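>
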Amino acid sequence: METSGNFFEKVYEVAKQIPFGRVTSYGAIAKYLGAAKSARMVGWAMNASHNNADIPAHRVVNRNGLLTGKFHFDGTNLMQQLLENEGIVVKENQIQNFQNVFWDPFKELL
DNA sequence: TCTGTGACTAACC
DNA sequence: CGGTTAGCCACAG
């Protein structure tokens, strides 16, 4: 029941709202949900997002714009491929011009 | 209930 | 600049 899955659900809601060609960080989502100290939980939710095909997990990176979760995708560079497909420049698993493509839920959703 | 773990982050060495 | 430590919290066993 919604005894604990509510947190994941919120993460999914935010993740789904990430616009095309934009990315955000785990901490940003966590803070938006009121759990800034639970950035790991956001990542954990992404891990569970395998059951949710509507979750663009590739648009969620760490606060450095580094594709820390790329190894969780099927291909070794699938995550990067998806981001580049959206016009995002990625080099060495790191998003270039990160702040330019960064999508802040506080500024966009709030 | 306790323990281990993790797609984080910051601080420290 | 890279490795370690610590805090954080939710989930699985």
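So in the working numbering, spot 71 of the first sequence is number 132, and the numbers just go up one at a time.
We put the beta carbon where it would ideally sit given N, CA and C, even for glycine.
Fair warning: this is a prediction, and the values are worked out from it, not measured in the lab.
1. Given this structure, state the Cα-to-Cα distance separating residue 162 from residue 124, to the nearest angstrom.
2. How many angstroms separate the CA atom of residue 101 from the CA atom of residue 119?
3. Which class does residue 81 belong to by DSSP, given the choice of helix, strand or coil?
4. Can you grab the Cα-Cα spacing for the pair residue 117 / residue 107, in whole Å?
5. Give me the Cα-Cα distance between residue 143 and residue 150, rounded to the nearest whole angstrom.
6. Short of 8 angstroms in beta carbon distance, which residues of its chain neighbour residue 115, apart from the five on each side in sequence? Order them along the chain.
7. Note down, in chain order, each residue of its chain lying with its Cβ closer than 7 angstroms to the Cβ of residue 122, except the 5 sequence neighbours on either side.
8. Take residue 109 and list the residues in its own chain whose beta-carbon comes closer than 8 angstroms to its own, dropping the five residues that flank it on each side.
9. To the nearest angstrom, how far is the alpha carbon of residue 89 from that of residue 67?
Let me spell this out:
1. 12 angstroms
2. 16 angstroms
3. coil
4. 9 angstroms
5. 11 angstroms
6. 73 and 77
7. 84, 86, 128, 129 and 156
8. 69
9. 18 angstroms
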